[in-house]
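Start counting at 1 in the sequence shown, then tack on 1145, and there's your number in this note's numbering. Using N, Cα and C, we set each Cβ at its ideal position, and we do this for glycine too. Predicted, not measured: the structure shown is a model, and the values here were computed from it. Here's the structure we're looking at; comments come further down.
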Amino acid sequence: MAEAAGSIERVATELAGVFTRITNKLGDDSAIDTFEQLGVHFPDEFLAEPTISAARLTVYGCGAELRPLTQQLAAAIASGDQAAVAAASFALITQFGRVVEALPELANALATAGPTLPGITAAQIAELNENLPRKIVDLLLADILQLSAPASALLLVFGILERTFVPGDDTNPSKPPHERVSVHLDRILPALTNPVGHLGTLYGWGTDHFDAGRLLLVIEAMVAGLGLPVLFTPGTATEPPRLQIFAFDLEPTADGSGLKVAVMLRGALTTTFTFPVSPPTWNAEIGLSGTLPAGASGELRPPLDIELTPPAGPFEASITAGLKATPPAPFLLLGTAGGSRLEFAGLSATGGMKLTFDPSTGKAGGGPVAEGEVTGGKLIIDTAGGDGFISTLLGQLHLESRFDVGFSFTPEQGLRFHGSGGLEIQVPVHIELGPVQLQAIYLLATIEAGKLPIELSAGLTAKLGPISAAVDRIGVRADLSFPGNGGNLGPADLAFAFKPPTGVGLSLDVGVVTGGGYLFADPDRGEYAGVLQLEFAKFLAVKAIGLITTRMPDGSSGFSLLLVLTAEFGGGGLQLGYGFKLIGVGGIIGLNRTMRLDALMEGVRTGAIESVMFPRDIVANAPRILSDLRAFFPPQEGTFLIGPMAKLGWGTPTLVSVALGVIIEIPGNIAIVGVLKVALPTEELPLLILQVNFAGAIEFDRKRIFFFASLFGSRVLTMSINGEMGLLVAYGADPNFVLSVGGFHPSFAPPPLPFPSPRRVSVDVLNSGIGRITISGYFAVTSNTAQFGAQADLFFGFGGFGIEGHIGFDALFQFSPFMFIIEVHASVSLKAFGVGVFSISLRFALSGPNPWRARGTGSISFFFFEISADFDITWGEERDTVLPPVNVMPLLAAELLKPEGWQARPPAGGAPLVTLRALPEAESELVLHPLGTLFVRQRAVPLDIQVDKVGSEAAADVSKLAVSPVGTGLTKLSDAEEMFALAQFQNMDDAAKLARRAFERQHAGLELSPDGVAMASQRAVRRSARYEQSVIDTITQPDKPSESFVNYNGTLFNHFMAGSSVARSPLAAAQRTLREPAGQRLTVTGDSYVVARTLNNRRLSGPFTSQALAAQDLADRVADAPALDGTLHVIPASEALS
1146 MAEAAGSIER VATELAGVFT RITNKLGDDS AIDTFEQLGV HFPDEFLAEP TISAARLTVY
1206 GCGAELRPLT QQLAAAIASG DQAAVAAASF ALITQFGRVV EALPELANAL ATAGPTLPGI
1266 TAAQIAELNE NLPRKIVDLL LADILQLSAP ASALLLVFGI LERTFVPGDD TNPSKPPHER
1326 VSVHLDRILP ALTNPVGHLG TLYGWGTDHF DAGRLLLVIE AMVAGLGLPV LFTPGTATEP
1386 PRLQIFAFDL EPTADGSGLK VAVMLRGALT TTFTFPVSPP TWNAEIGLSG TLPAGASGEL
1446 RPPLDIELTP PAGPFEASIT AGLKATPPAP FLLLGTAGGS RLEFAGLSAT GGMKLTFDPS
1506 TGKAGGGPVA EGEVTGGKLI IDTAGGDGFI STLLGQLHLE SRFDVGFSFT PEQGLRFHGS
1566 GGLEIQVPVH IELGPVQLQA IYLLATIEAG KLPIELSAGL TAKLGPISAA VDRIGVRADL
1626 SFPGNGGNLG PADLAFAFKP PTGVGLSLDV GVVTGGGYLF ADPDRGEYAG VLQLEFAKFL
1686 AVKAIGLITT RMPDGSSGFS LLLVLTAEFG GGGLQLGYGF KLIGVGGIIG LNRTMRLDAL
1746 MEGVRTGAIE SVMFPRDIVA NAPRILSDLR AFFPPQEGTF LIGPMAKLGW GTPTLVSVAL
1806 GVIIEIPGNI AIVGVLKVAL PTEELPLLIL QVNFAGAIEF DRKRIFFFAS LFGSRVLTMS
1866 INGEMGLLVA YGADPNFVLS VGGFHPSFAP PPLPFPSPRR VSVDVLNSGI GRITISGYFA
1926 VTSNTAQFGA QADLFFGFGG FGIEGHIGFD ALFQFSPFMF IIEVHASVSL KAFGVGVFSI
1986 SLRFALSGPN PWRARGTGSI SFFFFEISAD FDITWGEERD TVLPPVNVMP LLAAELLKPE
2046 GWQARPPAGG APLVTLRALP EAESELVLHP LGTLFVRQRA VPLDIQVDKV GSEAAADVSK
2106 LAVSPVGTGL TKLSDAEEMF ALAQFQNMDD AAKLARRAFE RQHAGLELSP DGVAMASQRA
2166 VRRSARYEQS VIDTITQPDK PSESFVNYNG TLFNHFMAGS SVARSPLAAA QRTLREPAGQ
2226 RLTVTGDSYV VARTLNNRRL SGPFTSQALA AQDLADRVAD APALDGTLHV IPASEALS
């Protein structure tokens, strides 16, 4: 039984039909009509003109020979003779070339004889002959595409098919009105990969020069092609263009950036259109559903977002489309039926848009999306039908590789393939060719900007004595594109190039020296990498990792280098004394490389930090190590890295080892990274294993120090240990302190941390198939709180029965008066086959110790019955645990007497007007500049707010402190500020401690300036300015007499004055800035708060520089007028109404 036609034969058959139609268009019956569609109406003498007739007959004759060749190909396919199929296909393709070669000869004949015809000019023929073969092919393709209305409609919108009306010349019959047709195959890939950008190129969509009229005109043609009613009204000087489609009106938005949509339909719209497409086993379906209220309006904006506003009430609507192909036999994409081929069994695609109503905005919005899947994909390599050489080389080889490919399409991203981003097939072959073994064959196809790259490559290995080598993906690459001016395949262009290998590996084993290396190359990304590992007589192991990038992250050309080099000493290392030894040394060098601290901290948790610190087996782990280094140290122009490393050990054999590295970024920050390992009593038979990855950094730009550590692979006996800790000390404008081992209280919201939130410290006491017991805990200290907690979880189960339970607590502490609150939770339950049989749960808060109080809820359940009860129990005696109060005033006075709290500052700006002499260091008195300011500040206690305590001790003498100048001579300009932890000065409940910021900026002193009247200059005196003039160059004007003094008036005088010392002084510059302030920089102020009414957020007082000052003002107002209680609150100034 004959096999079905392969893809090559199908293409050849279809092309034969296309070329036959081309030649038919140039026959006597259609030639005049064909050229009229191209813009020239020839007279009847055209058909009899000998030169043109001979050229037309040549094209027609070449096309006529296609029919018998097509019949020969069909007979060969029916007989199943693949040799005859190949011969017939070759003959048919050869004849295609003859047809293509005959078309330029027709253009030459027209150029020679066309102007001799009545009414035809040479200019008309020259315009007609410009790319005449392409025009004829475009005309034919447009006719073919018009047969499929949905396809041609989309091609019109994306500019792949263009139809332009040419009015012609009413006074010249040879220039008839016609429609100029162009097919732009080079626009297919941009439309698929970047549809929004492509629409921007065609119509200005998404730009400030959007041509709405042109887009609406194209949409009209698209809708008309689908057979729907449509009317386009061109725009005028006063009216925008308008398009009416069925029940919709479209016109440009007011700002011209999108399209405005009006709905003229009321009621439900639910319908489904199903129609077949070619081939017959394919079906397409379009569905519309929803309720569109009359009078609804909306906008379509870039990228392709739709937003509809109904006149009243919510509504929803959806548009769906689907395409499904289920051929009775697999569909051939490439290859020959019965031989090597690429085929698929099914194709499905769905897409559409759903408009969802948002009650908060009163609008419904949505965007288009599409997805699909190719199922039953199969690549078959069959050498049974190959020639003698192939059969001898590969034998009777039959390989099948199955695959499924998913894809999605969005306006922003275009067409994207799921998984690898394209079609990637790997076929294992394992064919030996002497010392070389062919391991695998790769077929890859992706979509790139403007082209379709196709790669055919192979993986090879070779062994020559003690040396083994491997080469990955070496082969050939073909780029298929559709350039605007055509290519070597007519409208398409296919370019072949050598595909260099992406990786080369080498291993060596000669006894004394063993090792290997791996080189990785990615020219498309401009990245080259390699690893090398050599061991010399088990004494010295040298490892090197290199990474070179020739393309910067922004896509520009550049160069960056990263090199990691380590040397480890065998035989237990080099002894240093006292049991310590040097196990290894190394370092990191980075040129135009920066350091990502967030990635380093994440690498501590994942273990990726070991890719930096003396990595193991670097040849086998090369891809993972290189990937980690790319994430840790990305390219950055002008930044350098230097990082010495050392690996130390203690004990023989090694019981404790630490690998430590210090990475210095120039310019930038400093980081430490390391790995600590402890194995007791021996590394071979340990009872205790502790392994910790850690990293820390000093960030000079952010003024903070932090450290993060994570346990991994640790255990005591058989009990595994896990956990993390972190430390943050910020000392800049926003100081902070956080120490956490195992995380935080569940109710605590930690500040933004430069490392991951630490995980609980846990010990798996038991971990088996029938039971688990885990104990976990944490403690944390911040500037406001001290918190810790623990939890134990258990589970035992066998068959369908199980017992599980837990007990835990979370605690917060206060030191004066000493008290704590502990939230306790516990439960235990029995389940049978997943159904609860019996359970007990308890949750309460325990506070104390004077007195003790427990308040909470307990419950017991049995099958479907449950009993719960609340309780509140108090016991114990009350004792005064308050620490003795402290006098705050002496603390403030002592702080203000410190010399470092007083500072004389020069005037701001660049015009001091008065210069102070340098004072001897022995003189301790401050000298204040006449225009300067005096800063007086302290850091003991905040001013102008309520002070309840200092640390853990209550304030005995004052409740609020303020500082002001006394007498004359100094005037207050502003308040000096410092950062304070308010939980150290004000009584707060636990919720406030957990919610408030660790440090807040509060008043801490004053900024003072000298008293006195405003300074002014003396009365202005008008004078005449004369200048001595000396002419140096007297050669050109030797007879001109010299003048001793010359008056320069008007513009020339002002021009010379602009360069004088007075005009260039800082004071003059300041005056010019006042007159022309456009060059001044913007300044960003800190957060501010106001007291506002809760009814409407209207500001009542403020703004205040801190939340505490605003809260103090609110408390004072409520104290004066208790009726205001509950009607005011503190909010950020940006949220208040003025």
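- Counting only the Cα atoms, LEU1300 lies some 15 Å from ASN1339.
- Comparing alpha-carbon positions, the option among VAL2263, LEU1862, ARG1325 lying closest to VAL1908 turns out to be LEU1862.
- Every beta strand (DSSP E) stretch that sits fully inside the segment 2227-2270 and reaches 3 residues is listed by chain position as 2234-2238, 2244-2249.
- Closest option to GLY1345, judged by alpha-carbon separation, among ASN1317, SER1402, GLY1313: SER1402.
- By the 16-neighbour rule on beta-carbons within 10 angstroms, ASP1955 is buried.
- By the Cβ test, the segment 1311-1330 is in contact with the segment 1168-1187, since at least three Cβ pairs between them sit closer than 8 Å.
- When DSSP states are grouped into helix, strand and coil, THR1659 belongs to the strand group.
- Sequence-distant partners of GLN1182 (beyond 5 residues in either direction) whose C-beta falls short of 7 Å from its own C-beta, in its chain, are LEU1284, HIS1323.
- Its Cα nearest to that of ALA2085, the residue VAL2033 stands out among ARG2050, VAL2033, VAL2103.
- DSSP lists PHE1785 as the beta-bridge partner residues of ILE1811.
- Comparing C-alpha distances from PHE1704 to each of GLY1717, LEU1736, GLY1718, SER1234 shows the shortest one belongs to LEU1736.
- Taking ALA1674 as the centre and dropping the five residues before and after it, the same chain places the C-beta of PHE1665, LEU1692, LEU1771 closer than 6 Å to its C-beta, in chain order.
- With fewer than 16 other beta carbons inside 10 angstroms of its own, GLY2114 counts as exposed.
- In the structure shown, the three-state DSSP call for ALA1590 is strand.
- Residue pairing for TYR1923: DSSP places it in a beta bridge opposite GLY1934.
- Rounded to whole angstroms, the gap between the alpha carbons of GLY1944 and GLY1916 is 12 Å.
- Between ALA1585 and ALA1603, the CB-CB gap stays under 9 Å.
- Separation of the CB atoms of ALA1937 and GLU1968 is rounded to 15 Å, and the pair is thereby denied contact status at 8 Å.
- Taking each of ILE1763, GLU1810, PHE1778 in turn and checking the Cα distance to LEU1786, the smallest one comes out for GLU1810.
- The Cβ atoms of PHE1882 and THR1927 sit closer than 9 Å to each other.
- If you look at ILE1390, you'll find it in the beta strand (DSSP E) that goes 1387-1390.
- For PRO1812, the CB contacts under 8 Å within the same chain, skipping 5 residues up- and downstream, are THR1784 in chain order.
- Between VAL1980 and ILE1948, the C-beta spacing is not below 9 Å.
- When MET1870, GLY1993, LEU1911 are compared, the shortest CA-CA separation from ARG1905 is found for MET1870.
- In this structure LEU1492 is buried. Its beta-carbon is surrounded by 16 or more other beta-carbon atoms within 10 angstroms.
- Taking 9 Å as the cut-off, the Cβ atoms of THR2250 and THR2272 do not count as close.
- Counting of Cβ neighbours within 10 angstroms places ILE1728 among the buried residues, the total reaching 16 or more.
- The C-alpha of GLU1680 is placed about 22 Å away from the C-alpha of THR1797.
- For a cut-off of 8 Å, the C-beta gap from ASN1814 to ALA1842 is around 6 Å, short enough to register as a contact.
- Below 8 Å, enough C-beta pairs join the segment 1843-1857 and the segment 1895-1904 to call them touching: three or more.
- Around the beta carbon of PHE1933, 16 or more other beta carbons lie within 10 angstroms, which makes this residue buried.
- If only uninterrupted beta strand (DSSP E) runs of at least 3 residues are considered, those enclosed by the segment 1830-1890 are 1833-1844, 1849-1861, 1864-1875, 1881-1886.
- Beta-bridge partners of ASP1356 (DSSP): none assigned.
- Judged by DSSP in its simplified three-state form, GLU2022 adopts coil rather than helix or strand.
- In this structure, the CA atom of THR2060 is about 18 Å from the CA atom of SER2206.
- In the DSSP secondary-structure assignment, GLU2123 is bridged to GLN2147.
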